[in-house]
C-alpha cells in the first residue's frame, strides 16, 4: 500500500511540476508575437481493482495543448491582409494628395500666371518686356508640368522598389512555412504530440504573409498547411514551394510587375487585379487605379493646353510680319510593343484632336484578321479591319506599318508623357503672334451705313504656308469694302499689304480667351477645370482611403483582441496558476513523505 501511495504522490508531483513548467513557459513568452498560451491536459491514471473496489493510481499527463481558435485565427489573417492593403494604398496616394494640395507647388498658380501674361501682352502688344513676361511664364508653366510629372515618376519608381521587396518577403515566408511543415510533421510522427511552439511560429508566419498579400490556408490531414494566393496559385504545398518573381512588364520595361513561378520552373505573369490584399495588393491597386491615371490626367492637361494654344498662336502674326508658329512643344503618344510579339509590325499614334483625349491607356490586339482597340479604363472595345487604318479613337489616330502576327498586341499611352514632354518652342519675344494677319475696312467712297468686322483667321494654316488659310469677315450690309492683310501672300479675292503686327492684339485676346474656354473633354471643361477635377478625384479617394483604412485598423484590432482573449497569456491568471501548482507540488511532496514514513514503519515491523 505504501508503494501505491508513493507512486500516486510521484504522479501528482510530476503533474504539478509540468504545470509549473508550462506556466513559467507562458509567462516567459507573454510578449512573444503569435504565441498561444499552453495548458497541461491531465487525467486520472488507470485505477486498480483490489477486490473490494477500484483504487485510484494517481494522475497522468496526456498532452500539453495550446489554446488556439482556428476560426479567430483566420479572421485575424483576413483582417490583416485588408488593413495592410488599404494602409499601403493610403500611404502612397497621400504623397500625391500632399503634392497637389500645396498651393505653391500645384499647377493652378502657373496657369494663372501664364494667362495673366497673355492678357498683359494684349494690353500692350508692342511692348517687348510684356512679351518677355509671356515667355517667362510659359517656361514656368512648362517647368511646373515637368516637376509634377517628375514627382509622379519618382513615386512610380518607389512602387517598383517596394514591389520587389514585397515579393522577396513573400518568398521568404513561403520557404519558412514549408520548412515548418516538415519539422512539425516529423515531430508529430515521432511523438504523436503537437509541437506547440512550432505551430505558433507557423501561424505567425501566415499572419506575416498576409501583411504582404492575402493568403488562403488549407490544413491537411497530416497537419501541414497548403497556402494559396491570387486566383488560387499555390505558394506552399506541404514541403514544396513555388515563388513569385518581379519582372519588367512585357509592354512597359520601366514598370515592375509580378509573375508566378511554379515548382516546375514555368513563369506566368499575374494580372494586377489578382493581387489582392497586403502591401503587394495595395501597391498594385494604387498604381493601376490612381498613379497611372494621375500621370495620364496631368498629361492630358499639358497636351490639351499645348495643342490648343499652338493652334490659336499659329493663326496670329508676330512682330516680324510672319505667321505664328508653335508656342509649346508637346510629347507624342507612347506606343510599346509586347516583348512576346512575333511579328515585325510597328504601330504609331498621334494626337489628332486634343479636345477628345481621355485619361485612359489603350491596348491594340490583332487576331490575324481584325484589330481590337480596348480602352483600358472601362474595357470599351473597338474592332476594325486593316483596311480601316488609320483609325481615330478618342482623339488619337493609330496606324500600323505592316500586318502584325496573329496574337500580337501593343500598349498605347496617349497622354502618359504629356506633362514631362511639354516645353516652350520659342525664345524670341518678337515671335509671339499677338496680332491677327488680316484687316478689313470700309472703302472711302461708300455711301451706305454698313459696317464690317475686323476679320479673323478661323483655321490653322498648313505647315510653312503664308496666309492661304480661310478667313472670316462679317459684312452687315450690301456695300463695297476693301479687305487688306498684313504679311505676304495673295489669296484669291484678297489683297494683302506686307507689314508687321505691331499694335494689334486681336490674336492675343483670343489666346487669353482659351483660359476659360471648354477645350477639353469634348468641349465640356477648361484646362483649369480638367486639372481641378483631377485634384478633386485624388482628394476624394485619399479621404475615402483614410476612412476605410482606419476602419480596417479597428477591425483588425477587434479581431486580434478576440483572439488574444482566448489564446493570449494573462499574467494575472498565470500568477494564480503558479500558486496553485506550487501548492499542488508541496502537497504531492507531503504525500510522498507520508508514503516514505509508512514504508519505514513496515520495515521496522519486519525487524
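Residue numbers (the working numbering): 26 to 632. Virtual Cβ for every residue (Gly too), placed ideally from N, Cα, C.
When the Cα of residue i is compared with those of the options, which residue comes out closest?
| i | options | result |
| --- | --- | --- |
| residue 424 | 391, 541, 94 | 391 |
| residue 429 | 442, 375, 366 | 366 |
| residue 554 | 540, 83, 336, 584 | 540 |
| residue 91 | 110, 62, 260, 78 | 62 |
| residue 458 | 39, 351, 242, 395 | 351 |
| residue 47 | 606, 628, 615 | 606 |
| residue 201 | 256, 538, 234, 178 | 234 |
| residue 544 | 222, 407, 317, 335 | 335 |
| residue 355 | 315, 238, 317, 449 | 449 |
| residue 310 | 614, 597, 566 | 566 |
| residue 45 | 601, 268, 293, 576 | 601 |
| residue 136 | 114, 170, 118 | 170 |
| residue 564 | 57, 124, 105, 32 | 124 |
| residue 364 | 182, 342, 184, 272 | 272 |
| residue 402 | 318, 348, 417, 416 | 318 |
| residue 181 | 344, 118, 275, 196 | 118 |
| residue 288 | 551, 35, 196 | 196 |
| residue 577 | 107, 411, 569, 393 | 107 |
With DSSP collapsed to three states, give me the class of residue i.
| i | result |
| --- | --- |
| residue 277 | strand |
| residue 264 | coil |
| residue 321 | helix |
| residue 219 | coil |
| residue 292 | strand |
| residue 545 | strand |
| residue 244 | strand |
| residue 450 | coil |
| residue 91 | strand |
| residue 74 | strand |
| residue 388 | strand |
| residue 157 | helix |
| residue 301 | coil |
| residue 136 | helix |
| residue 96 | helix |
| residue 48 | helix |
| residue 359 | strand |
| residue 348 | strand |
I believe residue i touches residue j by the beta-carbon criterion, under 8 Å. Please report the beta-carbon distance rounded to the nearest angstrom.
| i | j | result |
| --- | --- | --- |
| residue 30 | residue 630 | About 17 Å separates the two Cβ atoms, so there is no contact after all. |
| residue 444 | residue 173 | 6 Å |
| residue 609 | residue 37 | 7 Å |
| residue 160 | residue 530 | Not quite, the Cβ-Cβ distance comes to about 16 Å (not below 8 Å), so this is no contact. |
| residue 260 | residue 227 | Not really, about 14 Å apart at Cβ, beyond 8 Å. |
| residue 285 | residue 269 | 6 Å |
| residue 111 | residue 574 | 4 Å |
| residue 105 | residue 236 | 6 Å |
Please report how far the alpha carbon of residue i lies from the alpha carbon of residue j, in whole angstroms.
| i | j | result |
| --- | --- | --- |
| residue 93 | residue 549 | 60 Å |
| residue 546 | residue 382 | 7 Å |
| residue 519 | residue 463 | Because the pLDDT of residue 519 is 47, which lies under 50, any placement of that residue in the model is unreliable, and the question is left without a value. |
| residue 414 | residue 405 | 19 Å |
| residue 456 | residue 157 | 10 Å |
| residue 372 | residue 409 | 15 Å |
| residue 337 | residue 532 | 7 Å |
| residue 603 | residue 53 | 13 Å |
| residue 129 | residue 238 | 38 Å |
| residue 375 | residue 330 | 16 Å |
| residue 522 | residue 346 | The pLDDT assigned to residue 522 is 46, lower than 50, so where the model puts this residue is not dependable; a value taken from the coordinates is nonetheless given after this. Distance between the alpha carbons of residue 522 and residue 346: 10 Å. |
| residue 251 | residue 447 | 52 Å |
| residue 211 | residue 245 | 15 Å |
| residue 439 | residue 299 | 26 Å |
| residue 33 | residue 623 | 14 Å |
| residue 222 | residue 95 | 16 Å |
| residue 185 | residue 297 | 13 Å |
| residue 396 | residue 389 | 7 Å |
| residue 385 | residue 571 | 26 Å |
| residue 290 | residue 194 | 19 Å |
| residue 292 | residue 283 | 10 Å |
| residue 57 | residue 399 | 52 Å |
| residue 240 | residue 591 | 23 Å |
Is residue i near the ligand SAM, with its Cβ less than 7 Å from a heavy atom?
| i | result |
| --- | --- |
| residue 151 | The ligand SAM is absent from the structure shown, which contains no ligand whatsoever. |
| said: With three or more beta-carbon pairs closer than 8 Å as the criterion, would you say the segment 85-102 touches the segment 584-595? | reply: In short, these stretches touch, since the Cβ pair count reaches three.
| Can at least three beta-carbon pairs, one atom from the segment 310-326 and one from the segment 555-572, be found at a separation below 8 Å? | yes
| field | Sufficient close CB pairs (3 or more, under 8 Å) joining the segment 298-307 to the segment 172-191 | value | Yes, since at least three Cβ pairs between the segment 298-307 and the segment 172-191 fall closer than 8 Å, the two stretches touch.
| task | Could you tell me whether the segment 259-271 touches the segment 67-75, where touching means 3 or more Cβ pairs closer than 8 Å? | result | no
| With a cut-off of 8 Å, do at least 3 Cβ pairs link the segment 430-443 to the segment 142-155? | no
| Do the segment 207-216 and the segment 74-86 touch if we need at least three Cβ pairs shorter than 8 Å? | no
| query | Touching or not, the segment 160-171 and the segment 130-142, by the rule of three or more beta carbon pairs under 8 Å? | reply | yes
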